[in-house]
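Sequential numbering from 2 applies to the sequence shown in our numbering. No residue lacks a Cβ here, since even glycine has one placed at the ideal position from N, Cα and C. These figures come from a predicted structure and were not determined experimentally.
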Amino acid sequence: MSEPEPTNPLLEPCRIGVWSLPHRVVMAPLTRSRAAMPGNVPHALNAEYYAQRTAGRGGASLIISEATPISPRAHGYYATPGIHSGEQVRGWRLVTDAVHDAGGLIVCQLWHVGRVSHVALQPAGEPPVGPTDVASQSKTYVDASMARVQTSRPRALRTGEVAGIAREFEEAAGRAMDAGFDGVEIHGANTYILDQFTRDGMNLRTDEWGGSLENRLRLALLTTEGVVRACGADRVGYRISPLSEHHDARDSDPGATFAALARGLGALGIAYIHAVETWDRATLDPRTPDVIPRVRVAFKEAHPHPERAAYIANGDYSPALAGAAIADGWCDAVAFGRPLISNPDLAARIRAGAALVPWDRETFYAGGAEGYTDYPAMGAG
């Protein structure tokens with residue numbers, strides 16, 4: 002009689018903050034640009050999409066929503082659902098109710114793009130804002146054509162305006178809880194506004210919000226303090242991408258920068274740090290084995306309850322690689338993105354040893370049900 006296959010550690014239960022999770026498969030935030038327009042409002046199709054991917058249906062134990070702009074000027078892409086109007090809050094309530102009815106948990110990823118935007122997406126056609134007036138060398142899409150255009154030159158936030166960004170995050174966190182979310186994740190990654198202030202290659206300010214590492218971390222930590230007030234620390238996560246060069250990101254010493262940030266976040270007692278380690282395992286930054294452990298250790302050492310402080314890894318993980326990373330103590334859980342687009346019941350497929358369905362990149366952004374809610378569960382199609 003053959004020995005049974007060992008269980009993938011990815012399928013073992015875990016505790017993250019206030020949540021007791023049945024396994025360690027997390028759904029990464031995925032921009033899909035399918036909000037109802039005008040108004041950037043979540044709707045019934047979005048609710049169906051998220052409900053399909055819950056643990057109750059074989060999917061993720063914790064869903065992190067797509068990046069969700071916290072204010073009108075936080076938008077940087079067309080048709081991304083916001084959390085700054087009453088209509089949007091009611092739309093998200095459709096989503097959270099559907100997720101809970103399907104046996105799932107969902108947190109709202111709070112987003113401000115900062116300089117990575119275009120005047121066409123900003124209130125009254127004003128320039129986007131950032132730590133400086135240096136433009137991002139990147140492109141975005143501003144209408145239903147999804148044609149990519151160069152982002153606009155930003156306006157540097159005045160010294161007295163910067164704390165207002167933190168207040169916007171705190172207020173949005175309160176609205177997210179009103180909308181029925183189980184918690185929130187602060188988007189501090191991918192060189193959006195909090196990352197823009199954190200990195201010395203983008204934050205060239207000489208006031209209290211720039212220069213020293215302490216000053217550069219001030220906005221991120223002030224923001225997190227406010228969000229903790231709104232939600233409770235054990236319902237808050239923070240996403241980073243310490244080695245990403247997305248949107249021309251630079252930092253002279255990411256290990257020191259992000260370990261210091263992690264230490265500050267840990268001291269605030271938040272539930273988890275979620276790191277984008279890479280976009281492609283084939284081009285993994287050689288600094289990863291040094292930087293990521295420094296972040297993880299700093300976070301847990303500073304945390305008042307380290308047994309509930311989780312490090313969630315993200316970055317082109319296969320189920321086997323994810324299981325090995327958990328077994329080795331590299332991370333506590335793994336967030337999957339693209340695999341959960343085309344495999345809504347990903348955890349069930351991993352448990353069954355079933356083949357994974359490939360995704361269709363052409364349907365990632367915009368459109369309707371095709372490539373969004375029409376991927377069948379295992380055995381259903």
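(request) Kindly indicate which residue of A321, G324, A334 and Y318 has the alpha-carbon position closest to the one of R309. (result) Relative to R309, the option among A321, G324, A334 and Y318 whose CA is nearest is A334.
(message) For a test of the three-state rule: what should DSSP assign to T258, helix, strand or coil?
(response) In the structure shown, T258 sits in a helix (DSSP, three-state: H, G or I).
(message) On the CB-based measure, 16 or more other CB atoms within 10 Å of its CB, does E384 come out buried or exposed?
(response) Because the chain spans 2 through 382 in this model, residue 384 falls outside it and cannot be assessed.
(message) Count Cβ pairs between the segment 368-380 and the segment 337-354 that sit closer than 8 Å; are there 3 or more?
(response) Touching, yes, given that three or more Cβ pairs across the two stretches are closer than 8 Å.
(message) Pull the bridge partners of R16 from the DSSP assignment, please.
(response) Residue pairing by DSSP puts R16 in a beta bridge opposite S21.
(request) Would you kindly work out how many angstroms separate the C-alpha atoms of M2 and S319, rounded to a whole number? (result) With a pLDDT of 34 at M2, under the threshold of 50, the modelled position of this residue cannot be trusted; read the value that follows with caution. Inter-residue distance for M2 and S319 is about 29 Å (C-alpha atoms, whole angstroms).
(request) Measure the C-alpha to C-alpha separation of E4 and G60 and round it to an integer number of angstroms. (result) With a pLDDT of only 40 at E4, under 50, the local geometry of the prediction cannot be trusted, and the value read off the model is given with reservation. The straight-line gap from Cα to Cα measures roughly 27 Å.
(message) Give me, in chain order, the residues of the same chain whose beta-carbon lies closer than 8 Å to that of G369; leave out the 5 immediate sequence neighbours on both sides.
(response) Within the same chain, Cβ atoms closer than 8 Å to the Cβ of G369 are found at R35 and L46, the five residues on either side in sequence being excluded.
(request) Could you name the residues that DSSP lists as bridge partners for H188? (result) For H188, the pairing in a beta bridge is given by DSSP as R240.
(request) Flag this pair as yes or no: are the beta carbons of Y78 and T141 separated by less than 7 Å? (result) By the CB criterion at 7 Å, Y78 and T141 fall inside the cutoff.
(message) Between which two residues does the alpha helix (DSSP H) holding W93 run?
(response) Run containing W93: G87 to D102, per the alpha helix (DSSP H) assignment.
(request) Provide the residue span of the alpha helix (DSSP H) that contains Q110, from first to last. (result) Where Q110 is concerned, there is no enclosing alpha helix (DSSP H), although the beta strand (DSSP E) it sits in stretches over I107 to W112.
(request) Quickly, what does DSSP pair P70 with across the bridge? List them, please. (result) Answer is W112.
(request) Please go through the same chain and pick out, in chain order, the residues whose beta-carbon is closer than 6 Å to the beta-carbon of D235, but skip the five residues on each side of it. (result) Counting only Cβ-Cβ distances below 6 Å, and skipping sequence neighbours, we find G18, V19 and A272.
(request) Rank A268, V108 and G83 by C-alpha distance to the C-alpha of P43 and give the top, closest one. (result) If we check each option's Cα against that of P43, G83 comes out closest.
(request) Could you check what DSSP says for Y51 in three-state terms: helix, strand or coil? (result) For Y51, the three-state secondary structure derived from DSSP is helix.
(request) Using only alpha-carbon positions, find the residue among A250, D281 and T225 that is nearest to R264. (result) Comparing alpha-carbon positions, the option among A250, D281 and T225 lying closest to R264 turns out to be T225.
(message) Considering only the alpha carbon of each residue, which of I293, F198, D291 and L63 lies closest to R16?
(response) Minimum Cα distance to R16 is reached at L63.
(message) Could you check whether the segment 156-176 touches the segment 283-292, counting it as contact only if at least three pairs of C-beta atoms, one from each stretch, sit closer than 8 Å?
(response) Touching, no.
(request) Measuring alpha carbon to alpha carbon, tell me which of A326, A283, H275 and T279 ends up nearest K301. (result) Here the closest residue by C-alpha is H275.
(request) Name, in chain order, the residues that DSSP records as bridge partners for I313. (result) The partner list for I313 (beta bridge, DSSP) reads H275 and A334.
(request) Please classify V27: does DSSP put it in a helix, a strand, or coil? (result) V27: strand per DSSP, three-state reduction.
(request) Apply the 10 Å Cβ neighbour rule to D183 and answer buried if 16 or more other Cβ atoms are within range, or exposed otherwise. (result) Label assigned to D183: buried.
(message) Tell me the rounded alpha-carbon separation between L12 and R350.
(response) Taking the straight line joining both Cα atoms gives about 11 Å.
(message) If you reduce the DSSP assignment to three classes, tell me which class A356 lands in.
(response) A356 falls in the coil class under three-state DSSP.
(request) Write down every uninterrupted run of the alpha helix (DSSP H) in the segment 125-193 whose length is 4 residues or greater and which is fully enclosed by it, in chain order. (result) Counting only runs of 4 or more residues that sit fully inside the segment 125-193, the alpha helix (DSSP H) segments are 163-179, in chain order.
(message) G227 and E162 - do their beta-carbons sit closer together than 7 Å?
(response) Taking the C-beta atoms as reference points, G227 is found no nearer than 7 Å to E162.
(message) Helix, strand or coil, according to DSSP, for L63 in the structure here?
(response) In this structure, L63 counts as strand in the three-state DSSP scheme.
(request) With a cut-off of 8 Å on the beta carbons, I'd call H24 and P39 a contact; round off their distance for me. (result) At roughly 39 Å, the Cβ-Cβ gap does not stay under 8 Å, so H24 and P39 are not in contact.
(request) Closer than 8 Å by C-beta to V117: which residues in its own chain qualify, once you throw out the five before and the five after it? Chain order, please. (result) Beyond the five residues adjoining it in sequence on each side, V117 comes within less than 8 Å, by CB distance, of G77, P129, S137, S139, T141, T152, T192, Y193 and H248 in the same chain, given in chain order.
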